[in-house]
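Visitor:
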Amino acid sequence: MSDTSTDGIKTVLHPVTDLAAATKVYAALLGTTPTAEAPYYVGFDTNGQHIGLVPNGAQQGMTGPVAYWHVPDIEAKIAEVTAAGATLAEAAHDVGGGRLVATVTDPDGNVLGLLQDR
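Going by this note's numbering, the final residue of the sequence shown carries number 119, and the count climbs one at a time with no gaps.
Structural data, given as structure tokens:
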């Protein structure tokens, strides 16, 4: 194993079909208002955790919530986990502000998100 440890799961994205309705539910659950609000994404930050709502996430292939492991070097982590048997599902790409995300699947098909802030 290499020394490409993670900072843990700090981001969880949830696919939703009705962004306005989901925003109300998550605001009530988390006891806070969104820190990011756009037609394509609503995000909440609470206690070091980021919870995101992705409208039409199912159309993007999301079958349920995806937990994102924060890593210092996304390409190194992709190489490490695919060498160990994971399959690349979505290559690393910039989603804005220098944030890179990627997904891999484990041998059972579970989706694992990877996230690197530059």
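Note that CB positions come from ideal geometry on N, CA and C, so glycine has one too. Only a predicted model underlies this, so the values are computations on that prediction, with no experimental measurement involved.
Which residues bound the alpha helix (DSSP H) around residue 41?
Guide: Run containing residue 41: none; DSSP gives neither H nor E here.
Visitor: Could you name the residues that DSSP lists as bridge partners for residue 95?
Guide: In DSSP, residue 95 forms a bridge with 101.
Visitor: Apart from the five residues on each side of it in sequence, which residues of its chain come closer than 7 Å, Cβ to Cβ, to residue 99?
Guide: The residues are 118 and 119.
Visitor: Count Cβ pairs between the stretch 72–79 and the stretch 16–32 that sit closer than 8 Å; are there 3 or more?
Guide: No contact exists between the stretch 72–79 and the stretch 16–32.
Visitor: Can you pull the DSSP bridge partners for residue 112?
Guide: 106.
Visitor: I need the straight-line Cα distance from residue 101 to residue 70, nearest angstrom please.
Guide: If I take the Cα positions, the gap works out to 12 Å.
Visitor: Thinking C-alpha only, which one of 54, 48, 110 and 81 is nearest residue 37?
Guide: If we check each option's Cα against that of residue 37, 54 comes out closest.
Visitor: Just to confirm the assignment: which complete beta strand (DSSP E) runs, minimum length 3, are found wholly within the stretch 13–42?
Guide: The stretch 13–42 contains these whole beta strand (DSSP E) runs: 37–39.
Visitor: Does the beta carbon of residue 26 come closer than 8 Å to any beta carbon on chain C?
Guide: Judged by its chain identifiers, the structure shown contains no chain C, having just a single protein chain.
Visitor: Within 10 Å of its beta-carbon, does residue 32 have 16 or more other beta-carbons around it, so buried, or fewer, so exposed?
Guide: Label assigned to residue 32: exposed.
Visitor: Considering Cα atoms alone, identify which of 50, 84, 108 and 95 is closest to residue 8.
Guide: Out of 50, 84, 108 and 95, 50 has the C-alpha closest to the C-alpha of residue 8.
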